[in-house]
Amino acid sequence: MTERYDCHYCKESLFGKKYVLREENPYCVKCYESLYSNTCEECKKPIGCNSRDLSYKDRHWHEECFHCFQCKRSLVDKPFSTKDEQLLCTECYSNEYSSKCHECKKTIMPGSRKMEHKGNSWHETCFTCKRCQQPIGTKSFIPKDNNNYCVPCYEKQFAMQCVHCKKPITTGGVTYHDQPWHKDCFLCTGCKQQLSGQRFTSRDDFAYCLNCFCNLYAKKCASCTSPISGLGGSKYISFEERQWHNDCFNCKKCSVSLVGRGFLTERDDILCPECGKDI
């Protein structure tokens with residue numbers, strides 16, 4: 001007696017019929033499709049055993065249903081993209097959603113390299129220096145007047161040159177006597193310290209820090225012998241070619257301040273009227 005060979009689900013005999021094995025259990029075609037076939041995303045019908053099942057991200061299609069949402073061309077074995085879960089051929093996706101090149105106005109195809117800056121996009125070969133027309137690629141560049149320049153071309157065409165070193169000033173800089181300087185080149189004539197960011201003065205068109213200017217050119221106080229800068233509104237007293245800091249203009253004997261008061265002199269000393277009455 002021949003052993004029975006039945007569908008694992010409906011138990012009908014499979015002798016002389018088509019069947020499908022799943023986990024070593026046989027199923028008739030009807031039961032298998034009912035239990036395990038995927039549903040087509042396009043036509044919503046089961047994808048039977050005799051149909052090719054095309055899948056993408058856990059979604060399934062009949063071969064004849066796997067086409068572009070817009071132009072309806074088949075996408076079988078062709079590159080495609082998705083937007084809002086809709087399948088699109090590369091051409092339709094590019095025309096609808098891809099960036100347009102800021103230079104040539106043509107579509108930048110998906111997968112091709114593009115350059116982006118401030119919301120605009122370029123083909124790699126269209127992103128060029130306005131002056132030399134060479135592709136900029138990943139090199140540094142400087143935008144100006146809606147155009148882009150490689151650094152050497154920008155320096156040649158636009159950058160000011162430092163009065164001291166004659167090299168281009170690309171960032172920062174200092175203007176002195178209507179002339180441009182690098183910050184690192186604008187130095188005190190005396191001590192060679194950088195003057196950018198600190199107070200300074202000049203003599204004969206040469207710039208000096210305050211210390212050097214005072215030590216070199218300022219008059220000395222007759223009392224303390226320190227320089228009197230006279231800069232920044234500081235006050236001093238002058239009498240017969242001698243000068244004093246306001247704080248130093250005091251009576252030699254009693255040390256009372258003589259600023260705004262009468263005084264007497266005895267050789268190099270100054271005296272208040274009280275201390276000088278016996279002179």
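For the sequence shown, full-length UniProt numbering begins at 1 and goes up steadily by one.
Even for Gly, the Cβ is constructed at its ideal location relative to N, Cα and C.
Beta-carbon contacts of residue i that lie in its chain and below 7 Å, excluding the five residues immediately before and after
i	result
G48	E33 and S37
R199	L210
K130	N147, N148 and Y149
D53	N38, I47 and H60
DSSP-derived helix/strand/coil call for residue i
i	result
L210	helix
Y19	strand
V174	strand
C101	strand
K144	strand
Q157	helix
M1	Confidence at M1 is low in this model, with a pLDDT of 40, below 50, so its placement is unreliable and no value can be given for it.
T125	coil
C65	helix
Y9	coil
L14	coil
L216	helix
Straight-line gap, residue i to residue j (C-alpha atoms, nearest Å)
i	j	result
T107	T189	59 Å
E103	A159	25 Å
M1	S13	In this prediction, M1 scores a pLDDT of 40, lower than 50, which makes its location untrustworthy; no coordinate-derived value is stated.
T201	C162	20 Å
N25	H67	35 Å
K57	S99	25 Å
D184	G172	10 Å
R59	S51	15 Å
K156	Y149	10 Å
K144	F186	27 Å
C195	Q179	Correcting the residue type first, residue 195 is Leu in the shown sequence and not Cys. For L195 and Q179, the distance between alpha carbons rounds to 15 Å.
K83	H123	23 Å
M109	H164	50 Å
C31	C89	36 Å
T125	A207	49 Å
Proximal residues to residue i (C-beta, below 6 Å), its chain only, five neighbours per side dropped
i	result
L264	L271 and G276
K18	V29
Contacts around residue i, its chain only, beta-carbon distance under 8 Å, and the 5 residues preceding and following it disregarded
i	result
S140	C150 and V151
Q86	F69
Residue i CB to nearest heavy atom of the ligand SAH below 8 Å
i	result
D269	This structure lacks the ligand SAH, and indeed carries no ligand of any kind.
- Message: Which runs of the alpha helix (DSSP H) at least 4 residues long sit entirely within the region 18–62? Give them in chain order.
- Response: Complete alpha helix (DSSP H) runs here, min 4: 29–36.
- Item | Completely contained beta strand (DSSP E) runs for the UniProt domain "LIM zinc-binding" (219–279), where each covers 3 or more residues | Runs found: 236–239, 242–245, 264–266 and 269–271.
- Query: In the region 67–103, which residue ranges form an unbroken beta strand (DSSP E) of at least 3 residues, counting only runs that do not cross its ends?
  - Reply: Whole beta strand (DSSP E) segments, 3+ residues: 80–83 and 86–89.
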